[in-house]
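K.L.:
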Amino acid sequence: MSGSSPAARLQRLFEGHRLTPTQRRIAHCMVRRAADAPFLSSVELA
Numbered sequence: 783m784s785g786s787s788p789a790a791r792l793q794r795l796f797e798g799h800r801l802t803p804t805q806r807r808i809a810h811c812m813v814r815r816a817a818d819a820p821f822l823s824s825v826e827l828a
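As numbered in our numbering, residues 783 to 828 make up the sequence shown, in order.
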């Protein structure tokens with residue numbers, strides 16, 4: 783897993799979990815912006 787990209791690791795975390803539409807939207811945003819995700823505010827994520 784150490785060779786995986788941040789986006790790939792995030793995608794694996796969300797696979798198989800039941801997410802609400804809002805949670806799914808936020809998860810997709812985090813995957814698309816994986817490099818920036820740790821620095822985004824809650825407003826930017828939502």
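Built from N, CA and C at the ideal position, the CB exists for glycine as well.
(1) From which residue to which residue does the alpha helix (DSSP H) around H810 run?
(2) Considering only their Cβ atoms, is the gap separating A809 from L801 smaller than 9 Å?
(3) Are the beta-carbon atoms of A828 and A789 separated by less than 9 Å?
(4) Using the three-state DSSP reduction, which class does L827 fall into: helix, strand or coil?
(5) Use the C-beta contact count for M783: other C-beta atoms within 10 angstroms, 16 or more gives buried, fewer gives exposed.
P.N.:
On the basis of the supplied data:
(1) For the purposes of this step, residue 810 is taken as the residue at position 28 of the sequence shown. It spans P803 to R814 - the alpha helix (DSSP H) in which H810 sits, taken as one unbroken run.
(2) In the sequence shown, counting from the first residue as 1, residue 801 sits at position 19. In the sequence shown, counting from the first residue as 1, residue 809 sits at position 27. Against a cut-off of 9 Å, the Cβ pair of A809 and L801 comes out as a contact.
(3) Residue mapping note: residue 828 aligns to position 46 of the sequence shown, counting from 1. Residue mapping note: residue 789 aligns to position 7 of the sequence shown, counting from 1. Contact flag unset, no.
(4) Stepping through the sequence shown from its first residue, residue 827 is reached at position 45. Of the three classes helix, strand and coil, the one that applies to L827 here is helix, per DSSP.
(5) As a first step, residue 783 is located in the sequence shown; it is residue number 1 there, counting from the start. The predicted model places M783 with a pLDDT of 49, which falls under 50 and marks its position as unreliable, so this point remains unresolved.
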